[in-house]
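Enquirer: In mature numbering (1 follows the signal peptide of the UniProt record, and there is no 0), the protein residues as written are -20 to -1, 1 to 339.
What follows is the structure in structure tokens.
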């Protein structure tokens, strides 16, 4: 008889009849559909890893309301700022190749960047650089962000602004800092950032669905329709960012299954050296030695008493969350095609409670 794996209350994964796994899937499906109905979310995509193995990939609802197209598991969804986990991973690969050191001043790699002598590569990856953030809060796009623009000019403009903090002394979220990190990667890989990530991460992990969405709208891959709430009620299609604005900070889209492949590499530590993963996952320190809640391109919260790693992401019409519990060898990714909702946050907590041991 075919057997699958189901996480028991004691935290061990044991082989059980397929009907036990099916019961878990049914509970997850019910929770997802309930949350989607409550929040009026058109479509949802998720992947679940338990005991370090891919357990479940599923799609729900509709990719397009207007055309009544059902969501498919293999569809690619923009992951927004979850891209930052990939930028940090690519940078760590460069450190292992001896091309970059995290304590290097940024000016060693980008000589023309304003404030480059004051900021380290590590500070770019930990949001402690003080570079002014070019990305608006709540994805409230400024008019100029609807037009294509060279990311080099975006970086030059925003890096020239006064620093928002003394580098290394406090946390200040900055997608601009990750743009700078992206150009460091390009410089040493002698290719586009997307191609660099393909060589360093996507190809080794067999992530074949990944696409660059920081390109002119007419050239972008076919995606599920993204939606936003209208002021008068209902859902509409939001304005889309022009090319260049999401460079290195929200640049990629992928299937839930391929995001799971990346999560497996993090749980099993297969792509980087152990010391690199230790540095990436640990909470970083300010100059005064105080610890804060961010690693290298990844957050380190403790939801419900469990040590986790996660990043959230958003783009016009989409939101996502990717959360890992390394000690329990569990990872949950939830992506939806609607912004201005918290459905993904609610669902990752709900699914975690279904699969993690009770505390």
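C-beta: ideal position from N, C-alpha, C; glycine also.
Jot down the residue ranges of each uninterrupted alpha helix (DSSP H) in the region 236 to 312, minimum 4 residues, whole runs only, in chain order.
Expert: Runs found: 236 to 248, 254 to 261.
Enquirer: Tell me which residue opens and which closes the alpha helix (DSSP H) that residue 169 is part of.
Expert: Looking at the DSSP string, the run of the alpha helix (DSSP H) that includes residue 169 is 155 to 169.
Enquirer: Please confirm whether residue 128 and residue 321 have their CB atoms less than 8 Å apart.
Expert: Cβ distance not < 8 Å, so residue 128 and residue 321 don't count as in contact.
Enquirer: Reducing DSSP to helix, strand and coil, say where residue 3 ends up.
Expert: Here residue 3 sits in helix by DSSP.
Enquirer: Is it true that the region 326 to 336 meets the region 148 to 158, where meeting means three or more beta-carbon pairs spaced less than 8 Å apart?
Expert: No, because fewer than three Cβ pairs between the region 326 to 336 and the region 148 to 158 fall closer than 8 Å, the two stretches do not touch.
Enquirer: Could you tell me the distance, in whole angstroms, from the CA atom of residue 228 to the CA atom of residue 336?
Expert: Approximately 33 Å, taken between the alpha carbons.
Enquirer: Start and end of the beta strand (DSSP E) containing residue 220?
Expert: Note, residue 220: premise wrong, no beta strand (DSSP E); not H, not E.
Enquirer: Mapping DSSP to helix, strand and coil, what is residue 138?
Expert: It is helical.
Enquirer: Less than 8 Å between the CB atoms is what I'm expecting for residue 50 and residue 43, so what's the real figure, rounded?
Expert: 7 Å between Cβ atoms; contact.
Enquirer: Answer with buried or exposed for residue 267, where buried requires no fewer than 16 other C-beta atoms within 10 angstroms of its C-beta.
Expert: Exposed, by the Cβ-count rule.
Enquirer: Please classify residue 48 as buried or exposed, where buried requires at least 16 other C-beta atoms within 10 Å of its C-beta.
Expert: Exposed.
Enquirer: Can you give me the Cβ contacts of residue 283 inside the same chain, cut-off strictly under 8 Å, excluding the 5 residues immediately before and after it?
Expert: Excluding sequence neighbours, residue 283 sits near 303, 329, 332.
Enquirer: Taking residue 103 as part of the alpha helix (DSSP H), name the residues at either end of that continuous run.
Expert: Run containing residue 103: 101 to 105, per the alpha helix (DSSP H) assignment.
Enquirer: So, with DSSP's three-state summary, where would you put residue 71?
Expert: DSSP places residue 71 in helix when its eight states are reduced to three.
Enquirer: Give me the Cα-Cα distance between residue 27 and residue 312, rounded to the nearest whole angstrom.
Expert: Whole-angstrom Cα-Cα distance: 6 Å.
Enquirer: Nearest to residue 242 by CA position, among 94, 189, 298, is which residue?
Expert: That would be 189, whose Cα lies nearest to the Cα of residue 242.
Enquirer: Take residue 342 as the anchor and find which of 117, 41, 6, 12 has the nearest alpha-carbon.
Expert: In the structure displayed, the chain extends from -20 to 339; residue 342 sits before or after that span and is not available.
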